[in-house]
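Novice:
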Amino acid sequence: MDSYISKKFVRFLVFIYSVFIFPLTSLSAFAVDGKKYEHQSQKKFLENKESSEDNLSDKENEKAGLIAQNIQTVSNVLSSSPSQLAEQAKSYALGKINSTVNGEAQKWLSQFGTAKINFSMDRKGKLDNGSLDLLLPLYDNKSDWLFFSQLGYRNKDSRHTLNLGFGGRYFTPSWMYGLNSFYDFDVTGNNKRIGLGGEAWTDYAKFSANTYWRVSDWHDSPHEKGWEERPANGFDIIGEFFLPAYPNIGGKLAYEQYFGDKVALFDRDTKQKDPSLARFGVNYTPVPLVTMGVDYKLGSGGHSETLFQTNFNYRFGVPFEAQLAPDSVASMRTLAGSRHDLVERNNQIVLDYRKKGEKEVLLNIQQQNITGYSYQRWDPIHATVTPKDAKLLWQINDSFSKNNGEITDGVNPIRLTLPKYDTDPKANNTYKLSFTAQDSNGNESKPSSITVTVEPFVLKGDVTKTQVKTNEPGEVAYKFLATITHGTKDNDALANLKVNNLQWSVDDVNSKEVKWTKGSDTTNGLGQLEATLSSTKPLKDVKVYLAMDGMRQKEIANNLDFSKEVESEYKVEVNTADSSPMEVGKGNGYTFTATIRDAANNLLKEKDVKVKWSVKNGLPHGVSWKKVKETDKTDANGQISATLVSEEAAQGIIVEVTIDGAKTASTADPVDFVKDKAKDITWNIPPEGKVYSAVYNQEQKIIVTIPNSSNVDFQQGHNHKFTNAEQYPGLKLDSGSPETVGLGKQITFTITSTQITEKEAIELTLTETGGNKVTIKSPPISFKAGLNDLKIFSFKVDNPGHQPNREYIANGQDKVRLKIEIRKGEDNSTARNISIDPSQIQWIANFDKSLKDKFNFTLESPTTNGVGLLYADLVTKAAIENGVRVSVKIPTSSSEGGKEVTLDDNQRINFEPVPKLAMFRVFNKDAPDIYQDFDINSNGPSNVFNSLQARLLKENGERLPDAGENFKVTYSGDVGTIVDSSKLINSESGLISFDMTPSTRGTRSALTEQTFKARIVNKSTREVTAYEYHWKPIRWFLMMGVNKEAKKQQKDAYCQSSNYLKDVKNIHVWNYDKRGDRDTLVNEFENLPKWGFFKVPVAGNTPSDKSIMNVLNIDTDKFEALNISTLQTQDTNDSTPVFCLFRD
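Each residue of the sequence shown is one higher than the one before, starting from 6 at the first, in my numbering.
Structure, rendered in structure tokens:
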């Protein structure tokens, strides 16, 4: 009875509302946004009635018709069942709420600019697929220019997305052209992308195109557990069209595509590779404020989607009454009416997904286009691959291999040998080589290609033809030089090129009457092939051809005449720049230059010619040629040169030169070699090998005797200096006046030096009687370091570029710069430019005598500088505990002897040892005899588990010394925020453990490269030695304990130990028995039970104290018992081993 009364009462309220209130309510309030997928049912909330075809002008008739229509609707409602009535009431209420929310929000936003709002509430009362967009004009001159910004917010699939854009539009009388850029930010998933778009609009039509580019990379997906996500790159093209006759009706055509391996274009459960879709839409706009439409999406893979939507569009600056007037719709479709319309684009970020742990294999070949010639060995082509150990694979190109092209497989960089050029006119000599990169798991990158184009060999210009002489009487010969290049003659000549199937030939008629003298089938340094054709027959109009692999036969000459010999086409002139007399015995000579021209009087530039230099009537005694070649190459001026020298006097020498059989050319003027007038001058310098000592205030006397026969005018004075005086500031030279002795003059020189000198000569410049200047040199004079009265004033470390807190490295190269200030003992003045014998300097350091050879002191210069400083470098290959204290002692002539001086403030110099690479031994902690050694560079093991322990070994496999009476030994590991390997290694014993417990899981489970270190101090010598091993783990197998109910194989009875792993990061699925890759568990450890892999503690007494278990996958939400009765167990009498398998 109560239900009956309630039903009647509800129907009564609906009737009252329909008759009195419903006519005043906008029908659009019933439109509810939603979406409909194919093969899913969607219930209609309201049956739309056809509008009257006639426009009633009478308001009363219009109102009466509306009431009648609503009464009919109410009658349908009242005739409905209770469940239908409840459904209709709910739908009506939702429509009313959405309409109210949209309307109020629309009014509030209207004060800012053009607004488009869509708040859609589903039947559960949740806001989903809501959006808000706002266009704000920044500059609008109301004619041709508009600049704007556009803001957007949307909530779809539980993601909040913000959009910020800027754009500009240019208007002509018929069209609008626009550009825009957007920044999209998915706040929920922290995804970011940018978009660039273009617009072209006209009356009743709009065209838009957009591109989307991600600016954020892979990261954990907030909604897809075990997956990573990032924005997908893509584009779309959109067209909107309206009927001019009935502008309320519009249509939309769009195409969009996104790129990625697992792109969710439709929803998260539908992931596709490079998906695309086409969109077809129809919309109806009863008044400018409201648009209702339906879109149908048809995508790749057979996916489709239907969308029903209602949008509210507020147009800034347009009166609100006009936005509710149906007659205003037509103006919206014109170019002027759509001036402030929103940009058409996909504001929702489309995402690309990948499973966690998958790393994208990437390949980028730096050089993608190659153009070369037959059999060319191309320089290595470098490819960037990720990961770095991925190998390169290429898809075999049959035609490339058929024509003898070669390529290395699996090697980076790529090495290519280009195939032979196919001379068949129909052949294609362009090859596309496709490459992929493959990682150790078999994953491959997207293909990348190299386009190889092989060009034919061509002649670089005309072939050079020269008639040459032979030794055969009556024989006429021609020499050919063909310069080879490829592609076009403008390319560089191919020097030192090996040519295959080289063929020089003549026309068949004359082939038996000629003789070929062929050169090498490899081009010379100028890229030339050479051959000589000769004949004793008077042939005429002979044609010559050249062919080779990669070049069709080509005619290179067609008018050869063998009927008579012709004279050389070369013209030669020879001269010397200076023909004045030259003194002998000083290494000087005359340089002669021959200028060569061809028959047309053009310079013969950069050509190889046969040359013969000679002297008319033969070479005089003591005269010889220098730098002469039988075959020479002319320079850019068409010249070659040679030098004539002499050790004895000779007069009237005429030089001649003959070029390739041309007439002999000779110099116009003869040249003369004359005797050295200074040859009789003598110096009283000690014999060769005598060296003076460099001691300050100690003088040396040198006398030169000049005979009268030298014709020197001493009245003109003389000049003197050392040859390289500027290099020796401590070397002084003074001269006395000439004195008459016998039949000549003597000059006495006084020399003092405080520094070591090389063999230096005194240069004495005199004036001859005729006024000519002549310079003579003394025999060499040398000084060695002498014994001076010196002392050390200070001794310091002087390394300006060395960081204060950085220790020096004991690698034999890291230098410690030592500064020693030297002063004179007699007056404590600065000892400038004084040399000290390095072998007499004593270096004293507090290291063991057995380490002496590992320390090296080297003076930068044995001579003090201008402020009395010496600098020395100390390097060592031995590190000493607590550093090295250094002292120095220099030689001195002081009667008190030199004193040993220690570094200021007794400073110690600390050296850090260079770590040696250690071997790594892993073993079963319960059975140490079960072990495996990893070499110094192997970085293994890749897999570790609870029963393993390890220690460092020397590079030869010996154990490191134990701490005790002879050695101090400490061990350590990396210390960092991600992983602290120092907690894995015992600092005293060096024992490394890989056991995992709940208390240590946070610091030991990060799979990053880690370094274990050992530092050993020899207590006897104090020498420090270091060892280290770089470990790169890939998988850490976590072994968890089980409880006593495990044998019952019940999910909830055991496996609770998985709770320990809930906050462990980056733990991936891995089957322990997976095979194939070199670094898998079973490849590294062949007999897993022997290694104790399956032994874990069991709480309680049942089934035993020891059983076996393997955690293959960490997923605390999914458990499944696994019974492997065939697996051999150890240390247990149970017939059924216990496993706990966590699975996806």
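Note that CB positions come from ideal geometry on N, CA and C, so glycine has one too. Please read these numbers as outputs of a predicted model, since none were measured by experiment.
Spell out the partners DSSP gives residue 387 in its beta bridges.
Specialist: Position 382 of the sequence shown, counted from the first residue, corresponds to residue 387. Answer by DSSP bridge pairing: none, since residue 387 is not bridged.
Novice: List the residues that DSSP assigns as beta-bridge partners of residue 630.
Specialist: One-based indexing of the sequence shown puts residue 630 at position 625. Partner(s): 649.
Novice: Based on DSSP bridge pairs, tell me the residues matched to residue 798.
Specialist: On the sequence shown, residue 798 is found 793 positions in, with the first residue counted as 1. Paired residues: none, contrary to the question.
Novice: Going by DSSP, what residues sit across from residue 807 in a beta bridge?
Specialist: The residue labelled residue 807 in the question sits at position 802 within the sequence shown. Note: residue 807 sits in no beta bridge, so no partner.
Novice: Tell me which same chain residues have a C-beta within less than 6 Å of the C-beta of residue 39, skipping the five on either side of it?
Specialist: Walking along the sequence shown from the start, residue 39 turns up at place 34. Here the model assigns residue 39 a pLDDT of 32, short of 50, so the residue's position is not dependable, and the following value carries that caveat. Once the five neighbours on either side are set aside, the close Cβ partners of residue 39 are 313.
Novice: Under 7 Å, do residue 762 and residue 740 count as touching if we go by C-beta distance?
Specialist: In the sequence shown, counting from the first residue as 1, residue 762 sits at position 757. In the sequence shown, counting from the first residue as 1, residue 740 sits at position 735. Not in contact: residue 762 and residue 740 (Cβ atoms no closer than 7 Å).
Novice: Which same chain residues end up closer than 8 Å to residue 490 when comparing Cβ atoms and leaving out the 5 residues on each side of it in sequence?
Specialist: Taking the sequence shown and counting its residues from 1, the one referred to as residue 490 is at position 485. Same-chain partners within the cutoff: 462, 463, 464, 465, 496, 497, 498, 499 and 532.
Novice: Of the residues 637, 943 and 952, which one's Cα is nearest the Cα of residue 931?
Specialist: Walking along the sequence shown from the start, residue 931 turns up at place 926. When each option's Cα is compared against that of residue 931, the closest is 952.
Novice: At 3 residues or longer, what runs of the beta strand (DSSP E) sit wholly inside the stretch 699-758?
Specialist: 704-712, 724-727, 736-740, 744-746 and 749-758
Novice: Kindly provide the ranges of any alpha helix (DSSP H) runs that are 4 or more residues long and lie completely inside the stretch 498-563, ordered along the chain.
Specialist: Secondary structure within the stretch 498-563: not one fully enclosed alpha helix (DSSP H) run of 4 or more consecutive residues is present.
Novice: Measure from the alpha carbon of residue 894 to the alpha carbon of each residue in 799, 246 and 289, then state which is nearest.
Specialist: Residue mapping note: residue 894 aligns to position 889 of the sequence shown, counting from 1. If we check each option's Cα against that of residue 894, 799 comes out closest.
Novice: Report yes if the CB atom of residue 338 is closer than 7 Å to the CB atom of residue 247, and no otherwise.
Specialist: Taking the sequence shown and counting its residues from 1, one reaches residue 338 at position 333. Taking the sequence shown and counting its residues from 1, one reaches residue 247 at position 242. Yes; because the gap between Cβ atoms is below 7 Å, this pair is in contact.
Novice: For residue 344, I'd like the list of residues in its chain whose CB is within less than 7 Å of its CB, leaving aside the five on either flank, ordered along the chain.
Specialist: Position 339 of the sequence shown holds residue 344. Listed in chain order, the non-local C-beta contacts of residue 344 below 7 Å within the same chain comprise 151, local neighbours out to five positions each way being set aside.
Novice: What's the gap between the Cα of residue 553 and the Cα of residue 501?
Specialist: Position 548 of the sequence shown, counted from the start, is the residue given in the question as residue 553. Position 496 of the sequence shown, counted from the start, is the residue given in the question as residue 501. Residue 553 and residue 501: Cα-Cα distance of roughly 16 Å.
Novice: Short of 8 Å in beta carbon distance, which residues of its chain neighbour residue 992, apart from the five on each side in sequence? Order them along the chain.
Specialist: One-based indexing of the sequence shown puts residue 992 at position 987. Result list for residue 992: 975, 976 and 977, in chain order.
Novice: Roughly how many whole angstroms lie between the Cα atoms of residue 1007 and residue 317?
Specialist: Start at 1 with the first residue of the sequence shown, and residue 1007 comes out as number 1002. Start at 1 with the first residue of the sequence shown, and residue 317 comes out as number 312. Any reading at residue 1007 must be qualified, since the residue scores a pLDDT of 43, below 50, and its modelled position is unreliable; no value is offered.
Novice: From this set, 948, 168 and 271, which residue's C-alpha is nearest residue 306's C-alpha?
Specialist: Indexing the sequence shown from 1 puts residue 306 at position 301. Comparing C-alpha distances from residue 306 to each of 948, 168 and 271 shows the shortest one belongs to 271.
Novice: Roughly how far, in whole angstroms, is the beta-carbon of residue 217 from the beta-carbon of residue 239, given that I think they are within contact range, below 8 Å?
Specialist: Position 212 of the sequence shown holds residue 217. Position 234 of the sequence shown holds residue 239. Beta-carbon to beta-carbon, residue 217 and residue 239 are separated by about 5 Å, close enough to satisfy the 8 Å threshold.
Novice: Under a three-way DSSP split, which group does residue 170 fall into?
Specialist: Residue numbering aside, residue 170 sits at position 165 when the sequence shown is read from its first letter. Looking at residue 170 - three-state DSSP - the assignment turns out to be strand.
Novice: Are residue 710 and residue 735 closer than 7 Å when you measure CB to CB?
Specialist: Here residue 710 refers to the residue found at position 705 of the sequence shown. Here residue 735 refers to the residue found at position 730 of the sequence shown. Cβ distance not < 7 Å, so residue 710 and residue 735 don't count as in contact.
Novice: Does the distance from the C-beta atom of residue 562 to that of residue 680 stay below 7 Å?
Specialist: The residue given as residue 562 occupies position 557 in the sequence shown. The residue given as residue 680 occupies position 675 in the sequence shown. No. Outside cutoff.
Novice: Could you compute how far the alpha carbon of residue 1066 sits from the alpha carbon of residue 1018?
Specialist: Taking the sequence shown and counting its residues from 1, one reaches residue 1066 at position 1061. Taking the sequence shown and counting its residues from 1, one reaches residue 1018 at position 1013. Only weak support is given to the placement of residue 1066: the predicted model assigns it a pLDDT of 41, under 50, and the question is left unresolved by the model.
Novice: Where do the N-terminal and C-terminal ends of the alpha helix (DSSP H) with residue 334 fall, by residue?
Specialist: Residue mapping note: residue 334 aligns to position 329 of the sequence shown, counting from 1. Unbroken alpha helix (DSSP H) run through residue 334: 334-337.
Novice: Evaluate residue 513 with the Cβ neighbour count: other Cβ atoms within 10 Å of its Cβ, from every protein chain shown; 16 or more gives buried, anything less gives exposed.
Specialist: In the sequence shown, residue 513 corresponds to position 508, counting from 1. Flag for residue 513 reads exposed.
Novice: Can you grab the Cα-Cα spacing for the pair residue 145 / residue 266, in whole Å?
Specialist: Counting from 1 along the sequence shown, the entry for residue 145 is found at position 140. Counting from 1 along the sequence shown, the entry for residue 266 is found at position 261. Whole-angstrom Cα-Cα distance: 44 Å.
Novice: Please look up how many angstroms separate the CB atoms of residue 877 and residue 865, rounded, as I've assumed it's under 8 Å.
Specialist: For the purposes of this step, residue 877 is identified with residue 872 of the sequence shown, where counting begins at 1. For the purposes of this step, residue 865 is identified with residue 860 of the sequence shown, where counting begins at 1. Residue 877 to residue 865, Cβ: 7 Å. Contact.
Novice: My assumption, with CB atoms under 8 Å, is that residue 392 sits in contact with residue 357. Please give the rounded CB distance.
Specialist: On the sequence shown, residue 392 is found 387 positions in, with the first residue counted as 1. On the sequence shown, residue 357 is found 352 positions in, with the first residue counted as 1. Not really, about 20 Å apart at Cβ, beyond 8 Å.
Novice: Touching or not, the stretch 420-438 and the stretch 371-383, by the rule of three or more beta carbon pairs under 8 Å?
Specialist: yes
Novice: Comparing alpha-carbon positions, which option in 942, 523 and 293 lies nearest residue 121?
Specialist: Position 116 of the sequence shown, counted from the start, is the residue given in the question as residue 121. Here the closest residue by C-alpha is 293.
Novice: Would DSSP call residue 307 helix, strand or coil?
Specialist: By 1-based counting over the sequence shown, the position of residue 307 is 302. Three-state DSSP puts residue 307 in a helix.
Novice: Less than 8 Å between the CB atoms is what I'm expecting for residue 520 and residue 539, so what's the real figure, rounded?
Specialist: Mapped onto the sequence shown, residue 520 falls at position 515. Mapped onto the sequence shown, residue 539 falls at position 534. Confirmed, Cβ separation roughly 5 Å.
Novice: Can you give me the C-alpha to C-alpha distance between residue 601 and residue 771, rounded to a whole angstrom?
Specialist: Sequence index remark: in the sequence shown, residue 601 carries index 596 (1-based). Sequence index remark: in the sequence shown, residue 771 carries index 766 (1-based). Straight-line Cα distance between these residues: approximately 43 Å.
Novice: Between which residues of its own chain and residue 748 is the CB-CB distance below 7 Å, once the five residues before and five after are set aside?
Specialist: What you label residue 748 is simply residue 743 of the sequence shown in a count that begins at 1. Correct list, in chain order: 712 and 713.
Novice: Within the same chain, show all residues whose beta-carbon is closer than 7 Å to that of residue 962, passing over the 5 residues directly before and after it, in chain order.
Specialist: On the sequence shown, position 957 is the one that residue 962 refers to. Cβ within range, chain order: 924 and 938.
Novice: Determine the closest residue to residue 636 out of 619, 664 and 649, with distance taken between C-alpha atoms.
Specialist: Here residue 636 refers to the residue found at position 631 when the sequence shown is read from its first residue. That would be 664, whose Cα lies nearest to the Cα of residue 636.
Novice: Just the Cα atoms here: how many angstroms apart are residue 50 and residue 369?
Specialist: Here residue 50 is taken as the residue at index 45 of the sequence shown, counted from 1. Here residue 369 is taken as the residue at index 364 of the sequence shown, counted from 1. Bear in mind that a pLDDT of 30 at residue 50, under 50, signals an unreliable position, so the number given afterwards is only what the model happens to contain. Near 56 Å, if we compare the C-alpha coordinates of residue 369 and residue 50.
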